[in-house]
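**Q**
Residue numbers (this note's numbering), protein chains in the order written: chain A, 1 to 422; chain B, 1001 to 1289; chain C, 2001 to 2241.
1. What would DSSP say about residue 1140 (chain B), mapped onto helix, strand or coil?
2. Among A:87, A:71, A:379, which has the Cα closest to the Cα of residue 164 (chain A)?
3. Can you tell me whether DSSP reads residue 2004 (chain C) as helix, strand or coil?
4. Would you say residue 24 (chain A) faces chain B, with C-beta separation under 8 Å as the test?
5. Counting only Cβ pairs nearer than 8 Å, list the residues of chain B close to residue 2074 (chain C).
6. Compare the C-alpha of residue 82 (chain A) against each of A:346, A:67, A:403, A:70 and name the closest.
7. With H, G and I counted as helix, E and B as strand and the rest as coil, what does DSSP make of residue 982 (chain B)?
8. According to a CB-to-CB cut-off of less than 7 Å, which residues of the stretch 2096 to 2111 of chain C neighbour chain B?
9. Which residue's Cα is closest to the Cα of residue 254 (chain A): A:70, A:196, A:342?
10. Just to confirm my understanding: we take residue 24 (chain A), look at its own chain, exclude 5 residues before and 5 after, and list those with CB closer than 6 Å. What are they?
11. Output yes if chain B places a C-beta closer than 8 Å to the C-beta of residue 2044 (chain C); else output no.
12. Skipping 5 residues on each side, what residues in its chain have a beta carbon closer than 6 Å to that of residue 348 (chain A)?
13. For residue 167 (chain A), which residues in the same chain have their Cβ closer than 6 Å to its Cβ, ignoring the five residues on either side in sequence?
14. Going straight from the alpha carbon of residue 1217 (chain B) to that of residue 1117 (chain B), what length do you get?
15. Is the closest heavy atom of the ligand COA to the C-beta of residue 267 (chain A) under 7 Å?
16. So residue 2051 (chain C) contacts chain B; which residues on that side make the cut at Cβ distance below 9 Å?
17. Is the CB-CB distance between residue 2043 (chain C) and residue 2035 (chain C) below 8 Å?
18. How many angstroms separate the CA atom of residue 998 (chain B) from the CA atom of residue 1034 (chain B)?
19. Measure from the C-beta of residue 220 (chain A) to each C-beta in chain B and report whether the shortest distance is under 8 Å.
20. To be precise: take each residue of the stretch 1113 to 1129 of chain B, compare its Cβ to all Cβ atoms of chain A, and keep it if any distance is under 7 Å. Which residues remain?
21. Just verifying my parser: in three-state terms, what is the DSSP assignment at residue 1188 (chain B)?
22. Do the CB positions of residue 2047 (chain C) and residue 2160 (chain C) come within less than 8 Å of each other?
23. I'd like to check one pair, residue 1009 (chain B) with residue 1255 (chain B): are the Cβ atoms closer than 8 Å?
24. What residues from chain A crowd round residue 1001 (chain B), counting only those whose CB sits closer than 8 Å?
25. Entirely within the stretch 1084 to 1158 of chain B and at least 3 residues each: give me those beta strand (DSSP E) ranges in chain order.
26. What residues in its chain sit with their C-beta under 8 Å from that of residue 125 (chain A), if we drop five residues either side in the sequence?
27. Are the beta-carbon atoms belonging to residue 373 (chain A) and residue 176 (chain A) less than 8 Å from one another?
28. According to DSSP, what are the bridge partners of residue 248 (chain A)?
29. Check the Cβ of residue 1175 (chain B) against every Cβ in chain C and list those closer than 8 Å, keeping chain order.
30. Would you please state the rounded distance, in angstroms, between the beta carbons of residue 250 (chain A) and residue 272 (chain A)? I believe it to be under 8 Å.
31. What residues of chain B sit near residue 2021 (chain C), judged by a beta carbon separation below 7 Å?
32. Spatial neighbours of residue 1011 (chain B) within its chain, please: CB distance less than 6 Å, with the 5 preceding and 5 following residues excluded, ordered by chain position.
33. Between residue 140 (chain A) and residue 118 (chain A), which are expected to be in contact by the criterion C-beta below 8 Å, what is the C-beta distance as a whole number of angstroms?
34. Do residue 2126 (chain C) and residue 2142 (chain C) have their C-beta atoms closer together than 8 Å?
35. Going along chain B, which residues have a C-beta under 7 Å from residue 41 (chain A)?
36. Starting from residue 235 (chain A), trace the alpha helix (DSSP H) both ways and give me its first and last residue.
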């Protein structure tokens, strides 16, 4: 009789133990997230910024960033995904080479070999547009910061835009112009200079729409192909048309050539407004020196914001310690991308892509939970309704927020001073 | 659109055209001497730009200083190309000759892609950042030096062809290979020299543009396509016509773009190219050198 | 007699087509030798083979006792064999001056070359006055003169002329023959292939008549001219054009 009871007890313990460890055995040790970015190509600096931003976030989520402790940032106090028993977040990178074809092939390769639970990318709008059908087909939830409007117009269920879209990004330009107008600054002609892939075209279309809706007739639109040695005709066209508010979308190499040509041809509009690209790349600042000054851009974050959010300073300092430079729009956006994904995984309590997608739809992160200045909440098209931008201007070779006033750390310089005075 | 703007576009076009002219002369030389179109020509220019970049990035050498070295290396590459590839293919059908330079193009471009990756690299030179005013017209020091350098290099080439024994022998081989052989001129040796000179011209062009243009594996297209148009314009095989054609193409490119829409500048170049081929198939200054 | 050129039993073919089938002849120093015969006899082929454009399959060719069979044109030029092709071989876009300069390509010394150019131009005043003009602007006769002049820049031991008067008007033809005689008088050994057999025999020292790749008849110019049999058999159409 005692032996039978003992046997039963041992069996029960065995079953319970099996159950406990069995459940544990079903919980993954790590959750894999794919990241498709331009590690090589015309703007490798950009890709590197995205990479270190994402890695920084992943490290924080896995418990490796002490500086984040105690903050409201999502993932700050974690040691891996809590609801998955501390499963580590593992990032796997693929290089899009800034090419839609390569990006698509790499996305497919990544998804089929590594089988990630989620993906993010690809920075270049043109590449993201090429990747979107692939992730939709394989049903992998995907976050992006690309601005191309079409990404959320085609009914993709698995693509989520964390950052501003072209309209949200362009909106701030017109608010800025109104604000400048109140300050007595005058201008007469709005023109656009943009590279001719998805990023440039989408933003230019959005700006045109928004301008017309406000009763502004854009005076000239100059699309250009990259891979050129001589941009004189583009700048001469703008100069000849008297464009004094110039909206520009360029990547680094063409951005450098354009700025140099502007100096050469003595063309200095009152305002140069860029959606980001060349002016986020440290290489541009290296090459241009003081000539990089006075351009303005749609800005999504600034280290100076840390004056209102002290935790941001601590985070930026730690990032700077690890990577030798401040965080910028790219590293911050990719940091936030990782946070959004980690949040969805945690709420889904699963590493299954479809479960994560359902959780991601319900994302509700406030501004203090992420590094971006705004929170994350998706509408039915998966745009982020909370996304908004600021305006920064390059002053003393650094980007400083100049608008809106409550976030500003410097007074804007309008108009851009003539080249002869510089 | 003021006269000043148009004039500036012509000046800028001329500067750009100088380099295109050098490229066109290099292509035209080979075409004129041995009836071979070197499709890989732009890739030699690209490799020259990489060489310039690495000498700059690794040894701090200003492109203007490394120019002679690059020209020399490219000369050697041209001779090697002739001896290893073209010499054999010359005995074959025309089709094989065309394919061989196309094959070279693929090899050179994709080796660069593999080895250097598609990142843009930019050299810096003493002349990278200045602006020079010629009256009311403005040119960057980089493009002015590139223009002057191209004119100098082309003049040196023309002098070589006109006045040196080897240059005359080269022209002789181009005009009548068998007759040249009967006078003791070795065609193969002269063809190799021609390839060397042609590649060196690409080397010079590549170095000159390195002060204002970045290099990636695709940069050959930027200069070669207008270069071909210039060769057609100037008359195949006529190096003087090719030079003039280059200047014209440069102006068509920049001024055309300024007067119409910048986006179509390259299309304008091709339009001119096609129009000339259609109306005067031998080019504006057609016929052999 | 001292032979400048000794051809012994030479066989040469174009692909499978045998043209020279055991041809032998001799040329002494300072002679003007004519090579005659019907079409296809191998006259041009003989010159091409001696000049190094064709390799003999068999037999020997000796220049002043030195075996030269199988050597290529550049080497033969250096040994002093100058060859003027049947077809026009001037460089059309180059000037008369430049064409002459290239005639001396294999030579080294420039001062001597310059003197020789002047001497040649003195021989051809019509060319001298147009020396900076392109060769393509010259008449048929002037071209021939330039080609011969160019060949002389080599200071050749042996001058091979392939149908120098072909396609020329009778008066011009005479001019060319006069030139050739002048060249010979100055001491150059000349072998001349000719269709105009009568005139050729009149000016040459000796002549060979070829048929089917072999020498059929050999003799002094006036002998062959006088021979009825030879005239009828070989020289029927040789009255000039």
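The beta-carbon is built from N, C-alpha and C at its ideal position, and this holds for glycine as well.
**A** Taking the coordinates as given:
1. strand
2. A:379
3. strand
4. Note that residue 24 (chain A) has pLDDT 46, beneath the 50 cutoff, so the model's placement of it is unreliable and the number below is only indicative. Taking Cβ atoms only, chain B never reaches closer than 8 Å to residue 24 (chain A), which makes this a no.
5. 1181, 1184, 1185, 1186
6. A:346
7. Outside the shown range of chain B (1001 to 1289) lies residue 982 (chain B), about which nothing can therefore be said.
8. 2098, 2101, 2102, 2103, 2105, 2106
9. A:196
10. Reliability fails at residue 24 (chain A), whose pLDDT of 46 lies under 50, so the model's placement of it is uncertain and the value that follows must be treated cautiously. Cβ within range, chain order: n/a, list empty.
11. no
12. 355, 356, 359
13. 206
14. 8 Å
15. The ligand COA is not part of the structure shown, which contains no ligands of any sort.
16. 1182
17. yes
18. Absent from the model: residue 998 (chain B). The displayed extent of chain B is 1001 to 1289, so no value can be given.
19. no
20. 1117, 1118, 1119, 1120, 1122
21. helix
22. yes
23. yes
24. 240
25. 1131 to 1134, 1137 to 1140
26. 146, 147, 148, 151, 197, 198, 199, 202
27. no
28. A:193, A:274
29. 2091, 2092, 2093, 2094
30. With a Cβ gap of about 10 Å, residue 250 (chain A) and residue 272 (chain A) do not count as contacting.
31. The premise fails here: residue 2021 (chain C) is roughly 25 Å from chain B at the closest Cβ pair, so nothing lies under 7 Å.
32. 1137
33. 6 Å
34. yes
35. 1118, 1119
36. 232 to 240
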